[in-house]
Amino acid sequence: MPLLLLFACTGEMSNQIFLDDADFLAALPDESRQTLGFDADTTDATARGLGDRADLVDLSVGIASGVNSFVLRTLGVVDAVRELPPSERTEDGRRWGPYEVDCDVSAAMLMSRENGVYGWSVLGHPAAGEDATVLYGTHYAGTTVAGGDGTFVWDQGRWAEWCGTSETGLMTVDYDNREGVDLFVVVEDWSTEGEAPTDWAYAYRRTSDLGDFQYRTVTDLEADGSDALATVSVRDRWVPRQGGRSDAWVTGGGFGATTWTWSQCWGPTGRLVWQGDSQDLLEAVGDAADCLYSDAAEVDRL
Numbered sequence: 007m008p009l010l011l012l013f014a015c016t017g018e019m020s021n022q023i024f025l026d027d028a029d030f031l032a033a034l035p036d037e038s039r040q041t042l043g044f045d046a047d048t049t050d051a052t053a054r055g056l057g058d059r060a061d062l063v064d065l066s067v068g069i070a071s072g073v074n075s076f077v078l079r080t081l082g083v084v085d086a087v088r089e090l091p092p093s094e095r096t097e098d099g100r101r102w103g104p105y106e107v108d109c110d111v112s113a114a115m116l117m118s119r120e121n122g123v124y125g126w127s128v129l130g131h132p133a134a135g136e137d138a139t140v141l142y143g144t145h146y147a148g149t150t151v152a153g154g155d156g157t158f159v160w161d162q163g164r165w166a167e168w169c170g171t172s173e174t175g176l177m178t179v180d181y182d183n184r185e186g187v188d189l190f191v192v193v194e195d196w197s198t199e200g201e202a203p204t205d206w207a208y209a210y211r212r213t214s215d216l217g218d219f220q221y222r223t224v225t226d227l228e229a230d231g232s233d234a235l236a237t238v239s240v241r242d243r244w245v246p247r248q249g250g251r252s253d254a255w256v257t258g259g260g261f262g263a264t265t266w267t268w269s270q271c272w273g274p275t276g277r278l279v280w281q282g283d284s285q286d287l288l289e290a291v292g293d294a295a296d297c298l299y300s301d302a303a304e305v306d307r308l
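Counted the way the numbering used here counts, the sequence shown spans residues 7 to 308.
What follows is the structure in structure tokens.
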């Protein structure tokens, strides 16, 4: 009997170690919770060719895909540890690595927890250059560990030094997993090929009942009669599997100080239902009464 009791206790302790490992991993960001799902809500392969897609939907899908590709590259450094057992364990800490990532860089991930708060960082060790933290974050557990909120920061400038790339800047992602997906992505001092640094911000919220994607970009508009850059703010609102509305607010470029608004409503696969603009520059399409949202909405989270 004493031997049976000892074996039972040992098994229980062993299982707790693996349960704790799972909690630490659940506190890390991953693709399902930290990417923008606008493409999935507005694209249906079976409906392609059935009417024109809304231009603002295509624009937003492209923007979201660009943000996702960058976030996924960042999360690739995190995902590597999901395939590895921790190299060190303490009661409230874990360490993974060293493990190999891109550009002849080895990395180690360190995590700690205290009262439901998980702190983590990825330390890179390049073949040439100094060790440095390239990615770090904090996660606050909710009713489940994964169902919480937090933030993580990626230092693209540091990565560029190691990999010899031209992109530099800092990306910060604030997220809230407590109800659906809620993301706020800020890119600061981003520069490619030595160009002047620029900043971007994106806000995305998606639950089973609604979606809301907002962003601003500075671009040279085609056919606006000016080489000057214009500021374009776009807000997409939708109900999954039903459709939605996109509103764009444009200043600068050929519009100067005047604000031009452009709105489109669309069906469940992004097909254009209605189009209107404030200066009648575009062809009127459809009936505004068919819109899921009757009123235009400006960007209000950026």
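Note that the Cβ used here is the ideal one computed from N, Cα and C, for glycine as well.
Check, Outcome
"Quick check on this structure: which residue in A33, Y210, R251 has the alpha carbon closest to the alpha carbon of A294?", "R251"
"Spatial neighbours of A166 within its chain, please: C-beta separation below 8 Å, excluding the five flanking residues on both sides.", "S172, E173, T174"
"Between the beta-carbon of V63 and the beta-carbon of T41, is there less than 8 Å?", "no"
"If you scan the region 142–176 from start to end, which runs of the alpha helix (DSSP H) of 4 or more residues do you find wholly inside it?", "162–169"
"Got a sec? Which residues, its chain only, sit under 7 Å from T213 by beta carbon, not counting five neighbours each side?", "E185, G186"
"With burial defined as no fewer than 16 other Cβ atoms inside 10 Å of the residue's Cβ, what is the status of G156: buried or exposed?", "buried"
"Could you give the residue range of the beta strand (DSSP E) that holds Q270?", "266–272"
"Tell me whether L116 sits in a helix, a strand or coil according to DSSP, three-state version.", "strand"
"Using CA atoms only, rank isn't needed, just tell me which of C109, G125, R79, G200 is closest to R2.", "For the chain, the structure presents residues 7 to 308; residue 2 sits outside this window and is missing."
"By DSSP's criteria, S197 is part of a beta bridge. Which residues make up the other side?", "T174"
"Output the boundary residues of the beta strand (DSSP E) element that contains E40.", "According to the sequence provided, residue 40 is Gln. The question's Glu does not apply to it. It is not in any beta strand (DSSP E) - Q40 instead sits in the alpha helix (DSSP H) that spans 37–40."
"Taking C-alpha atoms, which residue in L81, R247, V224 lies nearest to D161?", "L81"
"From the DSSP secondary-structure annotation, give me the bridge partner or partners of D180.", "T157, F190"
"I want to know whether the region 257–271 touches the region 25–35 - three or more CB-CB distances under 8 Å.", "no"
"For Q222 and V245, which I take to be in contact (beta-carbon distance under 8 Å), what is that distance rounded to the nearest angstrom?", "This sequence places Arg at residue 222; Gln is not what is there. So it is not a contact: roughly 24 Å between Cβ atoms."
"At what residues does the beta strand (DSSP E) containing R211 begin and finish?", "204–212"
"On the criterion of 16 or more Cβ atoms from any shown chain inside 10 Å, does S269 qualify as buried, or is it exposed?", "buried"
"Starting from F219, follow the alpha helix (DSSP H) in both directions and report where the run begins and ends.", "Careful: F219 lies outside any alpha helix (DSSP H), inside the beta strand (DSSP E) at 217–225."
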